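In the working numbering, the protein residues as written are 1 to 634.
Built from N, CA and C at the ideal position, the CB exists for glycine as well.
Small disclaimer: the values here were computed from a predicted structure and weren't measured.
The structure appears right after this line, and notes come after that.
Structure representation (structure tokens):
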């Protein structure tokens, strides 16, 4: 008997209009669409053309009007300020309507851009939904982003108004946002007319006369604004992602397709229903925060958690379990790096025993490849399914996942399971020819992409085509490499530039990382290819050890070299590895492999704007110099 996943998947590919049209019936529309899929201007596909809706109405008012106004919509949990705030759907709707009124009173209209530069506080979500309520296009920039990078985003989006806060709070420091914002506005040629600043008690920012407005003051006198109908194809937001040229790409998300896909995904993928508590431990500066802290849970009618803290250090490696227990979380989504940090601090999972996790049913991981060791550690200690899934800023939701609300497939370590309904995932070679099952190639998605994905880049259709569609005609280029096995399980091995060429053999650094992470003393690792005169490239491994490991580093290095030789073979030429205290990462937890590679190859590199702590690059340079691969710190 066919399972629900197989039925949904086949229907989504054979008749996408019927499939997504049916999903769209679960949403509120001021005016129904003329066509579910408008393919009259390929490759610029549009979903629900002719339809009119409002995302904020669907996320808030719809639930209030259907009798769920007293249900909790948002729980703000901030261990760094020792604060918990809770909002019902009615309370959140009223706050959002008032902030929408603030925007209107400052002249913001449908189609205008509003840039949001905020920490993880409820006001960030209120600002996002306030924009959506009146049809303004928001662009959230990660709080604390450097002034120069913030300026490039201001320049590109040209916001009429900027919403910010006086500061953000890290584990041991307060980051002043206002001086960074002031500097960015000075650097940008395009200036906002006004800035609304939320003053936090631990840092009162100085205000610019005539430009800056205090959040509390303007909210106190605001007239609530009604929802404005917008076209399904109108932009909801712009989210900037790093570009290879250094110029960020403004990923556009539309209203209609985004709303339909995200609401559908909550049950189909995450197996949560109306009223369930759902937690995405991420940040609103990243796509995960947009999709699964703010929009999807509220569209579904769930209770969403907004967490201002870290997996370790706020106050300890048990904080995730405390939040799950205290708020009754059913399903959680975070990055593997968060669990590697917890595993490193508490390798035996002792802190888990302090909390009642009886309501917790599923853990989802995404953001980078989930190594089998981290998945197994989580399974063993949490006793729930641990589901790896794969998606990107551009896609807005999962390309591949174990769709827990449709059918629970057996987990295969190293695979995010199968393509999600709507996604025709294929593997091709450089000439765009399909490869055999099990062969590594470029992972691509046959067009049209499903709803909720990027229809284009902000005011840059040419770059959209060049970045994603030009290389493989008729397909979206994920820029990830991998393979699909005979049962349809997809394996995402690495970014296409992480496939290294060792003496003519194409090898995946991701496969080697899996081996290293299996070593009992290794908490996290990275493998990358460095230049070699004889073989072109050779792999080098970097390992961070678990807390409490007392063995000699050299012993561990010998063991992992032997493990790679045994499991992948001598062809991998894996002979060099080193132990480091930490790995350079973005704030969202992705390891900056490309930057490490440039240091190893003694090439010029730019400090990535998204890096969590730039000082670590000097440590990496010294570690590489110690094994003869770099000149040491600059």
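Near residue i, which residues of its chain fall below 6 Å by C-beta distance, leaving aside the five closest residues on each side in sequence?
i, result
"residue 223", "101"
"residue 612", "585 and 587"
"residue 76", "85, 122 and 306"
"residue 340", "374, 523 and 524"
"residue 147", "180, 183 and 184"
"residue 198", "123, 165 and 215"
Hey, out of the options, whose CA is closest to residue i's CA?
i, options, result
"residue 624", "104, 578 and 585", "578"
"residue 573", "539, 436, 598 and 599", "539"
"residue 404", "361, 345 and 459", "361"
"residue 130", "152, 96 and 157", "96"
"residue 547", "345, 205 and 450", "345"
"residue 272", "301, 420 and 315", "301"
"residue 412", "154, 45, 484 and 550", "484"
"residue 449", "33, 8 and 37", "37"
"residue 530", "509, 519 and 393", "509"
"residue 125", "94, 67 and 443", "94"
"residue 3", "627, 274, 409 and 443", "409"
"residue 635", "33, 27 and 107", "This structure cannot speak to residue 635, because the chain is shown only from 1 to 634."
"residue 398", "385, 384 and 424", "424"
"residue 260", "57, 314, 385 and 27", "27"
"residue 132", "21, 290, 270 and 145", "290"
"residue 555", "119, 453, 521 and 324", "521"
"residue 580", "119, 596 and 502", "596"
"residue 200", "83, 331 and 293", "83"
"residue 349", "220, 378 and 229", "378"
"residue 575", "226, 560 and 174", "560"
"residue 421", "428, 402, 227 and 438", "402"
According to DSSP, is residue i helix, strand or coil?
i, result
"residue 327", "helix"
"residue 212", "strand"
"residue 543", "strand"
"residue 583", "coil"
"residue 284", "coil"
"residue 197", "strand"
"residue 142", "coil"
"residue 636", "The first residue shown for the chain is 1 and the last is 634, placing residue 636 beyond what the model contains."
"residue 274", "coil"
"residue 630", "coil"
"residue 233", "coil"
"residue 188", "coil"
"residue 1", "With a pLDDT of 40 at residue 1, under the threshold of 50, the predicted position of this residue should be treated as unreliable, and no value is reported."
"residue 9", "helix"
"residue 573", "coil"
"residue 219", "helix"
"residue 264", "helix"
"residue 164", "strand"
"residue 434", "strand"
"residue 47", "strand"
"residue 317", "coil"
"residue 28", "coil"
"residue 250", "strand"
"residue 295", "helix"
"residue 589", "coil"
"residue 419", "strand"
Considering only DSSP beta bridges, list what residue i is partnered with.
i, result
"residue 390", "400"
"residue 525", "543"
"residue 85", "76"
"residue 334", "365"
"residue 475", "446"
"residue 531", "537"
"residue 491", "483"
"residue 578", "542"
"residue 169", "174"
CB-CB under 7 Å to residue i, same chain, minus the five flanking residues each way: which ones, in chain order?
i, result
"residue 298", "59, 60, 73 and 304"
"residue 244", "Reliability of the predicted coordinates at residue 244 is poor, the pLDDT of 49 falling under 50, and the value obtained from them is presented with this limitation in mind. None."
"residue 42", "none"
"residue 187", "147, 148 and 151"
"residue 609", "145, 146 and 149"
Leaving out the 5 sequence neighbours to the left and right, which residues in its chain are closer than 8 Å to residue i when beta-carbon positions are compared?
i, result
"residue 6", "407"
"residue 465", "43"
"residue 139", "113, 114, 115, 116, 153, 157, 159, 237, 238, 239, 240 and 250"
Cβ-heavy atom distance between residue i and the ligand PLP below 7 Å?
i, result
"residue 534", "Judged by which ligands are present, the structure shown has none, so any question about the ligand PLP falls away."
Can we say the segment 305-325 touches the segment 271-288, given the rule of at least three CB pairs closer than 8 Å?
As far as the Cβ criterion goes, the segment 305-325 touches the segment 271-288, which means the pair count is three or higher.
Tell me whether the segment 225-237 and the segment 35-52 touch, counting them as touching only if at least three CB pairs, one residue from each stretch, are closer than 8 Å.
The segment 225-237 is in contact with the segment 35-52.
Evaluate contact between the segment 190-198 and the segment 151-163, counting only Cβ atoms and requiring at least three cross-stretch pairs below 8 Å.
Touching, yes, given that three or more Cβ pairs across the two stretches are closer than 8 Å.
Counting beta carbon pairs with one atom in the segment 552-564 and one in the segment 600-617, are three or more of them shorter than 8 Å?
Counting Cβ pairs under 8 Å, fewer than three are found: no touch.
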